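Trainee:
In the numbering used here, the protein residues as written are 4 to 470.
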């Protein structure tokens with residue numbers, strides 16, 4: 004670093020070079036936010052220039068002007084606001100600052116600021132046709148900075164230079180898996196985290212391109228999972244794709260197109276890889292919902308179900324005895340045997356409602372937060388395997404009733420138009436319930452509210468209540 008100091012590169016200029024090194028290309032306002040994280044407007048990405056510190060903006064302009072004169076930074080955009088990028092000499096300075104030898108093949112993961120060497124071609128100014136996509140990526144990073152400051156979280160990420168993987172596909176030869184990035188958002192001093200691949204959507208990809216995108220995820224997962232269980236995969240690769248669209252008013256329409264192509268292409272990986280579709284305004288809610296402790300969520304759900312399974316009109320399982328009904332830790336769910344869960348490769352929670360002929364309806368509890376796929380995939384998976392699971396045979400499992408639980412905003416009703424197996428899906432989801440575990444509200448598949456003080460939702464499909 005002394006060499007840089009002797010060349011009269013100030014600490015502020017080093018910080019600017021570092022941000023351009025990490026993010027490739029930034030405008031003046033994006034630089035301002037990355038250098039002054041506590042001053043990111045709470046309304047971001049919507050803000051006015053009046054919310055920014057004009058003196059700091061003016062100082063940044065001066066610093067950039069000096070870096071341009073030193074030929075370390077170049078302007079790289081025809082349209083305002085101007086984009087700034089490192090020159091080849093500026094990139095060499097960044098390599099020196101980060102102790103990176105300029106040697107082809109010097110690779111690092113990119114995590115925890117462990118950066119590797121890439122040629123200047125991968126740092127060049129972003130092409131004009133890709134500018135909107137790049138700006139979308141920068142907005143997403145600024146938004147994550149804001150969320151992490153607001154809720155005292157941590158995050159790390161690698162862009163597609165690091166997240167790309169080259170591998171061999173037996174059928175199609177050499178392939179490249181290239182998401183737009185990979186992120187980890189963590190609760191400080193906790194194991195709770197949200198690890199996801201990022202896909203930035205400009206709303207321009209047609210159905211066949213969306214299908215191809217998700218097909219590549221399936222091919223990569225098939226490759227990386229050879230000889231490995233889903234449980235072993237969880238710690239090494241993401242379990243989610245965050246599909247961030249620019250659409251604000253028409254996200255429901257975009258969701259339907261994305262959803263059907265995902266379901267048509269992802270195959271068996273639907274129960275492992277959860278696809279979330281959101282816009283920039285929904286990111287905060289989605290991240291907070293995801294990193295909320297599963298234990299905390301299950302406790303709320305457990306407490307909501309307790310009076311329903313203790314209701315005298317309910318005949319089924321679990322059914323706690325009078326001696327333990329006051330025990331606050333008693334579970335309100337049934338579970339499969341351990342070996343059955345291992346075969347299924349996920350852990351369902353359910354209750355059983357006994358019918359007059361001793362058969363049982365299986366109420367399967369599935370988390371569902373606005374626009375996501377995992378819950379639907381798990382219901383489809385369980386439906387296809389239910390009759391072959393030994394413990395389900397023992398209880399004479401007849402009907403599967405999904406219970407989609409959520410917090411905050413109720414998801415829209417399920418629509419499968421355009422899915423290859425639409426008739427099968429419609430038969431699986433003939434009956435289902437919605438449950439807001441925060442407010443303890445219940446709704447049927449037709450969005451009719453169920454007053455649980457009058458009708459026990461666990462008995463809702465025994466008679467004619469739902470018709």
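Virtual Cβ for every residue (Gly too), placed ideally from N, Cα, C. Nothing here was measured: the structure is a model prediction, and the numbers come from that model.
Classify residue 405 as helix, strand or coil using the three-state DSSP reduction.
Mentor: It is a strand residue.
Trainee: Quick one: grab the DSSP three-state call for residue 441.
Mentor: Coil, per DSSP.
Trainee: Measure the Cβ-Cβ separation of residue 95 and residue 76 and say whether it is below 8 Å.
Mentor: No. Outside cutoff.
Trainee: Please name the residue in 226, 107, 443 and 41 whose C-alpha comes closest to that of residue 54.
Mentor: The shortest Cα separation from residue 54 among 226, 107, 443 and 41 belongs to 41.
Trainee: Taking the runs of the beta strand (DSSP E) that are 3 residues or longer, which of them lie wholly in the segment 160 to 208?
Mentor: Here the runs fully enclosed are 168 to 172, 176 to 180, 184 to 190 and 196 to 204.
Trainee: Along the chain, where does the alpha helix (DSSP H) containing residue 15 start, and where does it finish?
Mentor: It spans 14 to 26 - the alpha helix (DSSP H) in which residue 15 sits, taken as one unbroken run.
Trainee: Would DSSP call residue 410 helix, strand or coil?
Mentor: Residue state, collapsed to three classes: coil.
Trainee: Inspect the CB distances between the segment 369 to 387 and the segment 257 to 277 and report whether three or more fall short of 8 Å.
Mentor: Yes, since at least three Cβ pairs between the segment 369 to 387 and the segment 257 to 277 fall closer than 8 Å, the two stretches touch.
Trainee: Can you tell which of 149, 220, 197 and 127 has the C-alpha that lies nearest to the C-alpha of residue 183?
Mentor: Out of 149, 220, 197 and 127, 220 has the C-alpha closest to the C-alpha of residue 183.
Trainee: Within the same chain, show all residues whose beta-carbon is closer than 7 Å to that of residue 47, passing over the 5 residues directly before and after it, in chain order.
Mentor: Counting only Cβ-Cβ distances below 7 Å, and skipping sequence neighbours, we find 145, 146 and 149.
Trainee: May I ask you to list the residues that DSSP assigns as paired with residue 343?
Mentor: DSSP output for residue 343 lists no bridge partner at all.
Trainee: Which partner residues does residue 158 have in the DSSP bridge list?
Mentor: Note: residue 158 sits in a beta bridge opposite 188.
Trainee: Rank 163, 370 and 422 by C-alpha distance to the C-alpha of residue 440 and give the top, closest one.
Mentor: When each option's Cα is compared against that of residue 440, the closest is 370.
Trainee: Given residue 105, which residues of its chain have a CB within under 8 Å of its CB, disregarding the five upstream and five downstream residues?
Mentor: Cβ neighbours of residue 105 beyond the five flanking positions: 95, 98 and 120.
Trainee: Taking Cβ to Cβ, would you say residue 38 is nearer than 8 Å to residue 18?
Mentor: Yes.
Trainee: Apart from the five residues just before and just after residue 334, which ones in its own chain have a Cβ nearer than 7 Å to its Cβ?
Mentor: The answer, listed in chain order, is 305 and 321.
Trainee: Ends of the beta strand (DSSP E) at residue 243?
Mentor: Where residue 243 is concerned, the enclosing beta strand (DSSP E) stretches over 243 to 248.
Trainee: In angstroms, rounded to a whole number, what distance separates the CA positions of residue 337 and residue 240?
Mentor: Their backbone Cα atoms lie some 30 Å apart in a straight line.
Trainee: What do you get for residue 251, buried or exposed, if any count of 16 or more other CB atoms within 10 angstroms of its CB means buried?
Mentor: Residue 251 comes out exposed.
Trainee: Among 103, 133 and 132, which one has its Cα closest to the Cα of residue 122?
Mentor: It is 103 whose Cα lies nearest to the Cα of residue 122.
Trainee: Under 8 Å Cβ to Cβ from residue 22, same chain only, skipping five residues before and after it: list those, please.
Mentor: Excluding positions up to five away in sequence, the list reads 29, 34, 37 and 38.
Trainee: Are there three or more Cβ pairs, one per stretch, closer than 8 Å when the segment 398 to 409 is compared with the segment 380 to 387?
Mentor: Short answer: they touch.
Trainee: Counting only the same chain and skipping the five closest in sequence on each side, list residues whose C-beta sits under 7 Å from that of residue 314.
Mentor: Contacts found: 459.
Trainee: Among 414, 227, 88 and 429, which has the Cα closest to the Cα of residue 130?
Mentor: Considering only alpha carbons, the answer is 88.
Trainee: Going by DSSP, what residues sit across from residue 279 in a beta bridge?
Mentor: Note: residue 279 sits in a beta bridge opposite 245 and 375.
Trainee: Can you tell me which of 409, 170 and 176 puts its alpha carbon nearest to the alpha carbon of residue 223?
Mentor: Answer by Cα proximity: 170.
Trainee: Report the three-state DSSP secondary structure of residue 30 (helix, strand or coil).
Mentor: Looking at residue 30 - three-state DSSP - the assignment turns out to be strand.
Trainee: Check this for me: beta carbons of residue 212 and residue 246, under 8 Å apart or not?
Mentor: Not in contact: residue 212 and residue 246 (Cβ atoms no closer than 8 Å).
Trainee: Output needed for residue 159: all residues of its chain with C-beta closer than 7 Å, excluding positions within five of it in sequence on either side, in chain order.
Mentor: So the qualifying residues of the chain are 114, 115 and 187.
Trainee: Whole-angstrom Cβ separation of residue 339 and residue 394, contact assumed at under 8 Å?
Mentor: 6 Å between Cβ atoms; contact.
Trainee: Kindly list the residues whose CB is nearer than 8 Å to the CB of residue 409, restricted to its own chain and excluding five residues on each side of it in sequence; keep chain order.
Mentor: Counting only Cβ-Cβ distances below 8 Å, and skipping sequence neighbours, we find 370, 371, 372, 373, 437, 438, 439 and 440.
Trainee: Hey, which unbroken runs of the beta strand (DSSP E) at 3 residues or more fall wholly within the segment 27 to 109?
Mentor: Fully enclosed beta strand (DSSP E) runs of 3 or longer: 28 to 30, 76 to 78 and 86 to 89.
Trainee: DSSP three-state label for residue 420, please.
Mentor: Looking at residue 420 - three-state DSSP - the assignment turns out to be coil, as it is neither helix nor strand.
Trainee: Just grab the DSSP bridge partners of residue 447 for me.
Mentor: Its beta-bridge partners are 436.
Trainee: For residue 429 and residue 78, I'd like the C-alpha separation in whole angstroms.
Mentor: Their backbone Cα atoms lie some 55 Å apart in a straight line.
Trainee: Please identify the residue among 344, 283 and 200 whose C-alpha is closest to the C-alpha of residue 244.
Mentor: It is 200.
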